[in-house]
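Residue numbers (the numbering used here), protein chains in the order written: chain A, 75 to 352; chain B, 94 to 392.
Structure follows, in structure tokens:
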């Protein structure tokens, strides 16, 4: 790439790149570095003490566990929904397709109170679940429900375009060679979908770990039971424990960075596998 | 990371698969998948949406209207509009500049720059609020200087605007970068060779090509800006009538057990979400049409 030093015909490279870097540094990079600089003010022993306090560790378990589970649920059902949207005709399909993006458009606080109303003891769904002994609102299960809601579009929207691009020839060839429908899916279609499915899973997971608004209403926020990590940061802030809040934030940030790199790798893999550039 | 939020030019594909035995499932399998998928959709997406409106009108129109014309609600609406009115243009200019630099030129570290632009997507909104507290809060980097000069950023409107700009930062850039990369730079280069100035090239050549993608990014940015909760909640201080946005107002009403009022305000935001989805679909439709037109005129 370095060998092709060509004369730039188009104007504005220095201006636009300079502006991009300046704006990015000022609004994102310098503010984010504040988290790490503040964390470095603590000594190591204190840092470890804060980020491994039992109550904080309980929030990691819930946040990461529920997020993984929610992303897995979305991977399974999101794939089915994407499959139905691409392959089948049914009445109201356009509306279903449009509403899949609802979690992107609906403010998280609204989603949070709506889900709480649905799953509370006297709610539309909560009253029946209560009868069979399942409590959702104000338990870790409620956290899971909220995280499934906000992660749903990620899987559908990453898998859907790949499904749409699939050639019918592949499946016809498999069928003419004697493959059962399930074998065709398992050995022909699924390997093509896998990178996109994993990307959607990772995106839903990343979003779920940091999610706050939709969770806090339905979670009940009991220490050691239904408290998520972002709420722990808020709680520390409200107690004016800035160092504690920042220490936990830096743990979450490092995790997000690693996840971001994994997602970039997955997207590159998707592009390579399917020839799409996004 | 924005893969799932970029424009998706669908179209009907079902006919292609449904008419052939080799590419369709047995009716039993098909109806099972469809039933599971639609049940999942109904329970997790449709019912929460309907619940907002049902709860909002539970105590009748009068309560509904009272909740919306309440002075605190009105001031929350104003602040929400202000936050969106600042963050959309700021991130629009940035998005266009970043996409121009990245799509039209080659330079080292480009992929890394794209990753950095994606950062705010993977940062928890709570942390997005926290960073500005660390910088501008009373104990922050500029805390004492701001107090001496009587400037309030945290627990005031500027903090809310900053947090909103942070969380909506990547949307437009991430929409435009792949779009402009796919379009290449031949058209712009031709315009320059024919004597067009920089701005003319952008205005008459680039902009018409990217207008739908741009609009798509603006809609998403606006929806997120008006609906942001976590980041804004950290920097707001929840001062009624002053630093409350609509989502924060919903939270306050809800925590005070004024459920109908909370859902009334929430229904306003849900309506905004629905309008966003309608415009988004319309933009995708337009973009697909103009894409088809260019394909046809090219062949």
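Yeah, the Cβ is synthetic: ideal placement off N, Cα and C, and Gly gets one too.
Near residue i, which residues of its chain fall below 7 Å by C-beta distance, leaving aside the five closest residues on each side in sequence?
i	result
residue 109 of chain A	320, 323, 324 and 327
residue 72 of chain A	Within the shown structure, residues of chain A are numbered from 75 to 352, placing residue 72 of chain A beyond reach of any answer.
residue 153 of chain A	229, 233 and 271
residue 76 of chain A	Low local confidence applies: a pLDDT of 46 at residue 76 of chain A is under 50, so the model's placement there is unreliable, and no value is given.
residue 385 of chain B	none
residue 259 of chain B	213, 221 and 324
residue 302 of chain A	133, 136, 137, 217, 289 and 293
residue 311 of chain A	319
residue 351 of chain A	Only weak support is given to the placement of residue 351 of chain A: the predicted model assigns it a pLDDT of 47, under 50, and the value that follows is read from those uncertain coordinates. Counting only Cβ-Cβ distances below 7 Å, and skipping sequence neighbours, we find 345.
residue 435 of chain A	The structure shown does not extend to residue 435 of chain A, since chain A is modelled only from 75 through 352, so no value can be given for it.
residue 269 of chain A	340, 343, 344 and 347
Is the distance from the Cβ of residue i to the Cβ of residue j below 9 Å?
i	j	result
residue 229 of chain A	residue 278 of chain A	yes
residue 398 of chain B	residue 335 of chain B	Chain B is shown from 94 up to 392; residue 398 of chain B falls before or after that span and cannot be answered.
residue 185 of chain B	residue 95 of chain A	no
residue 187 of chain B	residue 93 of chain A	yes
residue 187 of chain A	residue 347 of chain B	yes
residue 217 of chain B	residue 285 of chain A	yes
residue 159 of chain B	residue 359 of chain B	no
residue 337 of chain B	residue 168 of chain B	yes
residue 253 of chain A	residue 334 of chain A	no
residue 294 of chain B	residue 227 of chain A	no
residue 367 of chain B	residue 119 of chain A	no
residue 157 of chain B	residue 149 of chain B	yes
residue 195 of chain B	residue 270 of chain B	yes
residue 141 of chain B	residue 182 of chain A	no
Can you find a C-beta in chain A that's less than 9 Å from the C-beta of residue i?
i	result
residue 167 of chain B	no
residue 388 of chain B	no
residue 385 of chain B	no
residue 164 of chain B	no
residue 319 of chain B	yes
residue 206 of chain B	yes
residue 373 of chain B	yes
residue 109 of chain B	yes
residue 140 of chain B	yes
residue 337 of chain B	no
residue 296 of chain B	no
residue 155 of chain B	no
residue 381 of chain B	no
residue 323 of chain B	yes
residue 213 of chain B	yes
residue 232 of chain B	yes
Excluding the five sequence neighbours on either side, which residues of its own chain have a C-beta within less than 6 Å of the C-beta of residue i, listed in chain order?
i	result
residue 238 of chain A	160
residue 273 of chain A	232, 340, 341 and 344
residue 317 of chain A	116
residue 237 of chain B	none
residue 262 of chain A	244 and 248
residue 116 of chain B	110
residue 191 of chain B	266
With a cut-off of 9 Å, does the C-beta of residue i fall near any C-beta of chain B?
i	result
residue 118 of chain A	no
residue 201 of chain A	no
residue 83 of chain A	yes
residue 134 of chain A	no
residue 161 of chain A	yes
residue 206 of chain A	no
residue 300 of chain A	no
residue 294 of chain A	no
residue 126 of chain A	no
residue 105 of chain A	yes
residue 196 of chain A	no
residue 234 of chain A	yes
residue 209 of chain A	no
With a CB to CB cut of under 8 Å and the five nearest residues on each side skipped, what residues in its chain are close to residue i?
i	result
residue 380 of chain B	100, 102, 305, 306 and 309
residue 208 of chain A	215
residue 297 of chain B	284 and 289
residue 365 of chain B	316, 319 and 320
residue 210 of chain A	193, 199, 200, 203, 216, 219 and 292
State yes or no: is the C-beta of residue i nearer than 8 Å to some heavy atom of the ligand MG?
i	result
residue 204 of chain A	In the structure shown, the ligand MG is absent, as is every other ligand, since no ligand is present at all.
Worksheet entry | Whole runs of the alpha helix (DSSP H) within the region 169–250 of chain B, excluding any shorter than 4 residues | 203–215, 218–229 and 236–241
Fill in: Contact residues within the region 243–255 of chain B, judged by C-beta distance below 7 Å to chain E
As a matter of chain content, chain E is missing from the structure shown, whose protein chains are A and B.
Fill in: alpha helix (DSSP H) runs contained entirely in the region 141–193 of chain A, provided each spans 4 or more residues
167–173, 176–179 and 182–193
Item to complete: Starting from the N-terminal side, write out each stretch of the alpha helix (DSSP H) that is 4 residues or longer and does not extend beyond the region 98–147 of chain B.
Response: Qualifying alpha helix (DSSP H) stretches, in chain order: 107–111 and 120–134.
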